[in-house]
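First the structure, in the form of structure tokens, and then the observations on it.
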Amino acid sequence: MEKAKISAYQLFVLIVLFELGSAMLIPLAIEAKQDAWLAILIGMAAGFCLFLVYYSLYAYYPDTPPTDYAQKIMGTVLGRMIAFLYVLYFVYLSARVVRDFGEMLVIVFYPETPLFIMNALMVLVAVYTVRKGIEVLARTGELLFVLVSLLAISGLFLIVVAGIIEISNLQPVLEEGMKPVIKTAFTQTLYFPFGEIVVFMMILPYLNQPKKAKRTGLLALGISGVTLALIMALNTSVLGVATVERSLFPLLSTIQAIEVAGFLERLDVSFMVASVIGGFFKITLFFYVSVAGTASLFKIKEPTQLAYPLGVVILLLSMMIASNFTEHLQEGVDIVPLYVHFPFQVMIPVILLIIAFFKKGKQNDQAINK
Amino acid sequence: MNKLNRKAMFLFFIMISTVFISGCWSQKELNELAIISAMAIDKNEDGKYVKTIQFVNPGNVAGGLQGGGGGQGPAVTVYTATGDTILEAHINASAKVSRRLYHAHANLLVISEEVAREEGIDGIIDAFERDPEVRTESKIVIARDAKAGDIVKSLTSIDKVPSEKVNKTLLVTERARGENIVVSIQDFISVSASLGREPVISGFRIKGEPEKGKKMENVQQSELDATLEASGLAVFKEEKLIDWYEGDLAKGTMWILDKIQQTDVKVSWKGKKNAVVYNVIRQKTNVSADTKNTYPEMTIHVRAEGDIRELTTPVDITDPAVISDLEKEIEKEIKKQLEKAVTRTQKNNSDIFGFGEVVHRTDPEKWKKMKRDWDDEYFPYVNVNVKVDAFIRRTGLRTNSFHSNTEK
Amino acid sequence: MVPFFKRKKQSNKGKRQERDSSGSSKNSAEEKDFIGSSLAANVDKIRQKTGYSSDLVIRLINIGPQSEIKIAVLYVKGMVDSQSINDFLIEQIMKNKALQEKIMPNEALDIITEEAVALGGVKSVQDWEELFTVLMAGNTILLIDGINKALSASTQGGARRSVQESTTNVSVRGSKEAFTESIETNTAMVRRIINNPNLWTESMKIGKMTKTEVSIMYINGIAKNEIVEEVRKRLKRINIDGILESGYIEQLIEDQTLTTFPTVHHTERPDCVAGNLLEGRIAILVNGTPFVLLVPALFIDFFQSVEDYYERFDISTALRFLRTVTFLISLIAPAVYIAATTFHQEMIPTQLAIIIAAQRESVPFPAFVEALIMEVTFEILREAGIRMPKAIGSTVSIVGALVIGQAAVQAGIVSPAMVIIVSMTAIASFATPSYAVAISARLVRFVFMISAATFGFYGIILAFIMLTVHLCSLRSFGVPYMSPLAPFIPGEAGDTILRKPIWAYSKRPHLISGENKVSEGKHQKPGPPGPRNMTNHYTEKGE
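Residue numbers (my numbering), protein chains in the order written: chain G, 16 to 385; chain W, 1141 to 1548; chain Z, 14 to 556.
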């Protein structure tokens, strides 16, 4: 672990940027049709519970990263295995997000440019940042968060002013009842993006005011959930469910639909700015956490040394995980949530928490008895 | 320190080399682009698509530049190409153009009536929606009684680029007259994709001689030999053109779609036709559905506000009682327009008003049963009530017409 | 040289011991450390050491009842105020009857010190090293035959530039004074603003050859002790031949060298220094330059001018917004133009795209090369304009503006739009109050242009992220460079891009200042004397 401290506000900013990162681009929870926003909010509520699980683990071991306390809880061998699996998980997710953004850029803006170059540039910037450490990343987050919020607010304002919102597109609410909404929430939105907050298990120990961890985390999750729900509601009301369902990047289409005062149009680039910044934080956080995890797992003195090799791994992985975009999407929707997210986000943390509860509970009892 | 420098250098070299190795794949200079302003789709005798592409000649559009000599030549140049698919026609066009075809500034897509009637336009649209370079905010119009290609070949004055002229005309007439509607590719797609609604698209025709319209002389006179004018609404059913609406029919449709911003309503007074002209300033139309019975019952409620703008006979408009009588007349007139449009549309079995969507929102359960056969089985038998509230707010700068004085 | 150099600063008592312990040192063995008692030998030695320099004046006087006491007065011509030497030193010694009678050879020095010399800064000097230092700094040395001590009297003077209006930090409102080359004047100017005993200064001589006087100045209690200690440590570390300007010091005490951004602030204005001292910053004054260094310096400091605090807050806030915008323009305007015209033509409004396309029809270069040509041309013009004598300077601007600007457009080598972009960028870069940041923006601009030319907006965004990461990773004397924006400090963010009203300042910046944090009393907001709204005049007295 680095000797670094981040403030509660920085944690908040990082969580929000992280959560919005790639989730705001895609038609999130569109299986719930016009109730996607509701599915997102329900997913967010469930995400709160997951965060509380992670938080409780953190409360038991406030100064150690999960890669260490997994060993304390499960014993060295099993704990190391779990920690190693987590590192792999983070590397994989990082590579997935790199791929997401590379594909987005190639599809929308740079059709003639090879995907590899797009990914390589992103990874390069991520390497540079990871080498600077978590404090710098957090500070960068504070600055760029302002930029992203400004873009978001002005975007919302322009969409409202342009008069392209058709609330009737969001009706009828709950056409098919609650079932599809709940199903979407628990098969998709819970894991992506809310469950991915599992990476912050590795970040929480850096917090300078551990007392604020719970409130900050929940607030950040809440705000990002509401923002995502708002984005999907806007997409649906501007484009209609049918178009959103068929779009790869509905937010882009929504932004393209803005035409205000004859010249405030063609704002695609603001979409690119916001999404690249969001994506950068998502990638870098996964990347940083993989580096920190590897370093603590293998007791490496200078974790920044790992940035180059792991960067190359992530870059290559991002190219190899799928041979085309359709395959990549299909993996993301059908395979990853159930077989990858579920065990890492829900199963293992819950098991760790239960064991920690018994172990720590006993210790606490003994302490009191003494 | 040395180590750090070495690393920094390493990072620097990686960056520099990516910069140089990468070359410039997606790079395209503005003056290497053929900026497309409009596209038109026709079909020829062999059943191939004929794509007519209108390019902007930047030098002839932007005036006041040295060398450009603004306005010496035509503002646009047009090429045509054929192919079995839209993309093929597009690629074939590159054999004739010295620059890279660039779509992002195309803001008009003209489809010929023939294509729209015979095979529908859904097959055409996908190519435009899929290409990231094409902007789905581009407007669509149907070429009426003309080849789509001729529409984009005609030169226009005031707005030098014909596609600009078409777009602006549409926008202005939608606002002022309310017989035409501005439809973008995006709008068309989202309406087509909905089961409870069918699209309408404005028509455009060439008034005059299409051949003369292609020459520079056309724009060098005060009255153009060939002008482009908005004309009617094309009604679609399952992406095929089935009918044209004009005049009151088109207006009635626009009322129901809640697209009217300003329009005129002529009413008779004491037996004299067209005695009073009422100008709508703003209006709001609500459509609601009652789904108690087998066939839903629709209620259209119009609330219009406006001024009196013309009196052709003496009417004492200083009298509030007269004003309220006039309002009733206006309501009747508007109602007539709406009912006319509804009757004709029900006959066409094509729900261009989006009644199906209203039913969907009101009663999703019942809609599930109806949605498959809505257009043919339910829509024609829907009972439609029209309620109009019209308000006369002001009467312009004068009270009574000067006719009144002469009469006394 | 090193141990010898170090010893200079120690007290005389310490020196004696020091000499014994380091007697083996080659340097100290060569030089006789202590002044001998023979006047002739001493004067000879001085002559010899200074290479018989012609500007060294040695005046021999004989005093005493029988003129038996030989005195030598030494000073460097031009560096001293000869008026005061004549009036207060030589005349006092020679014309003072009482002294003449009273004086004894053995106590001559003490008597002269106490009774004759009518000057403020007088001290006795025992070793050669110190003697030469004070002599070369413009003091007058008094040697008396038979006494192995010298008297140094502070008579610095001579022609110096007087206090003038600042040329680099020009302001509309506020004090017009600017620092001069003389460190005494400069310290005095700051003291004149802050009349407080807590304003502390520490002096040291830096530079093996130049022995330049450098002072650190801070307000005890307001400045943070750790930072003061850090400054002291970094200054003491310096071991080079000469300090010719505060820029030398700046480059030797920076936290991070591999950056184009300045982490030390400099100014020419005493009020700016005073304001910064009150915030807890530390000033470093260097003799021979009017530029005073201020540490720690934060990024936003470079966008603020003292005048911001003199104008009302709404106006200053608007101006600061403007500066932020101009900084961004000067950084990315050409890059955005390149990206928009070569990668993202779809984002330009159609009309504008057509106009730019028409302008570019005849331009033979890609937009990037075009921009590069114009930017480099402009940089050349600017550089040429600075170095030229004023008379020729106007020629440069005429040639630059007319011949290159106008002709290049007419020849079709560059497009008018590009000329607009480049000139806008240039003007924007002049609007940044700090030259140091403006000049680094000039460099970074080219990086942005290259990234824009290779990857369009994606390149710009990535470069922007890297720039932000870089800026966030910098520190100035341990204080994060981007604070109080990142880390965000709620109370202080009001004095960054915004400038809150003066009455709303209550705390000093907490990362910079020491224990004394409260800068302002409570309830400072002014208001009218009483309510004036909707009163009934008939009920008021006297109506």
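For every residue, glycine included, the Cβ atom is placed at its ideal position computed from N, Cα and C.
Please confirm whether residue i and residue j have their CB atoms less than 8 angstroms apart.
{"i": "residue 450 of chain Z", "j": "residue 275 of chain Z", "result": "yes"}
{"i": "residue 1190 of chain W", "j": "residue 1177 of chain W", "result": "no"}
{"i": "residue 73 of chain Z", "j": "residue 148 of chain Z", "result": "no"}
{"i": "residue 509 of chain Z", "j": "residue 524 of chain Z", "result": "no"}
{"i": "residue 79 of chain G", "j": "residue 101 of chain G", "result": "no"}
{"i": "residue 324 of chain G", "j": "residue 225 of chain G", "result": "no"}
{"i": "residue 112 of chain Z", "j": "residue 132 of chain Z", "result": "no"}
{"i": "residue 331 of chain Z", "j": "residue 293 of chain Z", "result": "no"}
{"i": "residue 1456 of chain W", "j": "residue 1525 of chain W", "result": "no"}
{"i": "residue 504 of chain Z", "j": "residue 520 of chain Z", "result": "yes"}
{"i": "residue 189 of chain G", "j": "residue 73 of chain G", "result": "no"}
Taking residue i as the query, report the chain C residues whose CB atoms sit under 8 angstroms from its CB, ordered along the chain.
{"i": "residue 345 of chain Z", "result": "This model lacks chain C altogether, as its protein chains are G, W and Z."}
Between which residues of its own chain and residue i is the CB-CB distance below 8 angstroms, once the five residues before and five after are set aside?
{"i": "residue 392 of chain Z", "result": "455"}
{"i": "residue 1246 of chain W", "result": "1176, 1177, 1178, 1179, 1274, 1275, 1278 and 1303"}
{"i": "residue 448 of chain Z", "result": "181"}
{"i": "residue 369 of chain Z", "result": "354, 361, 428 and 430"}
{"i": "residue 1201 of chain W", "result": "1210, 1215, 1300 and 1301"}
{"i": "residue 1350 of chain W", "result": "1286, 1287, 1290, 1293, 1294 and 1366"}
{"i": "residue 258 of chain G", "result": "265 and 268"}
Give me the Cα-Cα distance between residue i and residue j, rounded to the nearest whole angstrom.
{"i": "residue 188 of chain Z", "j": "residue 36 of chain G", "result": "50 angstroms"}
{"i": "residue 366 of chain G", "j": "residue 91 of chain G", "result": "16 angstroms"}
{"i": "residue 533 of chain Z", "j": "residue 234 of chain Z", "result": "15 angstroms"}
{"i": "residue 93 of chain Z", "j": "residue 152 of chain Z", "result": "7 angstroms"}
{"i": "residue 1380 of chain W", "j": "residue 1322 of chain W", "result": "18 angstroms"}
{"i": "residue 1446 of chain W", "j": "residue 1475 of chain W", "result": "16 angstroms"}
{"i": "residue 43 of chain Z", "j": "residue 220 of chain Z", "result": "Here the model assigns residue 43 of chain Z a pLDDT of 48, short of 50, so the residue's position is not dependable, and the following value carries that caveat. Answer to the nearest angstrom: the Cα atoms are 22 angstroms apart."}
{"i": "residue 263 of chain Z", "j": "residue 296 of chain Z", "result": "12 angstroms"}
{"i": "residue 1453 of chain W", "j": "residue 168 of chain G", "result": "55 angstroms"}
{"i": "residue 1331 of chain W", "j": "residue 1194 of chain W", "result": "27 angstroms"}
Grab me the residues of residue i's own chain with a C-beta within less than 7 angstroms of its C-beta, minus the 5 sequence neighbours each way, in chain order.
{"i": "residue 1317 of chain W", "result": "1403"}
{"i": "residue 347 of chain Z", "result": "384, 388, 434, 435, 438, 458 and 462"}
{"i": "residue 97 of chain G", "result": "85, 89 and 363"}
{"i": "residue 1576 of chain W", "result": "As displayed, chain W neither begins before 1141 nor continues past 1548, which places residue 1576 of chain W out of reach and without an answer."}
{"i": "residue 190 of chain Z", "result": "176, 202 and 283"}
With a CB to CB cut of under 6 angstroms and the five nearest residues on each side skipped, what residues in its chain are close to residue i?
{"i": "residue 1498 of chain W", "result": "1427 and 1429"}
{"i": "residue 1398 of chain W", "result": "1425"}
{"i": "residue 91 of chain Z", "result": "171"}
{"i": "residue 1319 of chain W", "result": "1390 and 1391"}
Considering only the alpha carbon of each residue, which of the options lies closest to residue i?
{"i": "residue 58 of chain G", "options": "G:43, G:71 and G:72", "result": "G:43"}
{"i": "residue 195 of chain G", "options": "G:119, G:55 and G:330", "result": "G:55"}
{"i": "residue 200 of chain G", "options": "G:319, G:51 and G:335", "result": "G:51"}
{"i": "residue 95 of chain Z", "options": "Z:231, Z:474, Z:169 and Z:264", "result": "Z:169"}
{"i": "residue 1412 of chain W", "options": "W:1354, W:1433 and W:1451", "result": "W:1451"}
{"i": "residue 292 of chain G", "options": "G:319, G:354, G:63 and G:112", "result": "G:112"}
{"i": "residue 34 of chain G", "options": "G:190, G:218 and G:210", "result": "G:210"}
{"i": "residue 3 of chain G", "options": "G:40, G:17 and G:175", "result": "Residue 3 of chain G lies beyond the range of chain G shown here (16 to 385); nothing can be said about it."}
{"i": "residue 1439 of chain W", "options": "W:1221, W:1508 and W:1396", "result": "W:1396"}
Using 8 angstroms as the cut-off, can you tell me whether the stretch 285-294 of chain G makes contact with the stretch 101-110 of chain G, which would need three or more C-beta pairs spanning the two stretches below that distance?
no
Is the stretch 475-490 of chain Z touching the stretch 363-380 of chain Z, taking contact as three or more C-beta pairs under 8 angstroms?
no
Tell me, please, whether the stretch 1511-1521 of chain W touches the stretch 1487-1503 of chain W by the rule of three or more beta-carbon pairs shorter than 8 angstroms.
yes
Can we say the stretch 315-329 of chain G touches the stretch 134-144 of chain G, given the rule of at least three CB pairs closer than 8 angstroms?
yes
Is the stretch 59-76 of chain G touching the stretch 228-244 of chain G, taking contact as three or more C-beta pairs under 8 angstroms?
yes
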